[in-house]
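Enquirer: Okay, handing you the structure first.
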Amino acid sequence: MSNPEHLLTFEMNKEGDELTVHMNQQGLALLQLVLARLQNGSSPMPRHTHLMTDDWGGDELSSQPQSTDSTLFNKVDLRLWS
2 MSNPEHLLTF EMNKEGDELT VHMNQQGLAL LQLVLARLQN GSSPMPRHTH
52 LMTDDWGGDE LSSQPQSTDS TLFNKVDLRL WS
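What follows is the structure, given as structure tokens:
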């Protein structure tokens with residue numbers, strides 16, 4: 002699904018009260034594709050998908066944090082409710 006050129010990270014600030022999503026154009030395209038598949042899927046509600054780094058067995062999220070004072074998420078669950 003992903004391309005080695007893509008950048009997509011979800012990072013929490015050190016206070017734990019802000020989430021920043023870092024991406025390049027390829028990462029944005031990947032996120033849009035994942036959200037469209039979630040929206041248009043045929044499985045019953047609630048639907049969900051997982052985005053993970055390669056360290057966690059996925060390839061959707063980048064493994065390198067983009068900020069020096071944040072915590073990188075290795076797994077992000079996206080859930081669509083009716």
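Heads up, the sequence shown is in the numbering used here, so the first residue is 2 and it goes up one at a time. We put the CB at the ideal spot given by N, CA and C, even for glycine.
#1: Alpha carbons only, please: which of 83, 65, 46 and 45 is nearest the one belonging to residue 11?
#2: Hey, how far is the Cα of residue 74 from the Cα of residue 18?
#3: Where does residue 63 land, buried or exposed, given buried means 16+ other C-beta within 10 angstroms?
#4: Residue 26 to residue 56, Cα distance in whole Å?
#5: Give the DSSP-derived three-state secondary structure of residue 60 in the structure shown.
#6: Considering only DSSP beta bridges, list what residue 71 is partnered with.
#7: Counting only the same chain and skipping the five closest in sequence on each side, list residues whose C-beta sits under 7 Å from that of residue 67.
#8: If you follow the beta strand (DSSP E) that residue 8 is in, where does it begin and where does it stop?
Expert: Working from what's here:
#1: 65
#2: Cα to Cα, the separation comes out at about 14 Å.
#3: buried
#4: 23 Å
#5: coil
#6: According to DSSP, residue 71 bridges with 14.
#7: Cβ within range, chain order: 10, 12 and 23.
#8: That residue, residue 8, is in no beta strand (DSSP E); it is neither H nor E in DSSP.
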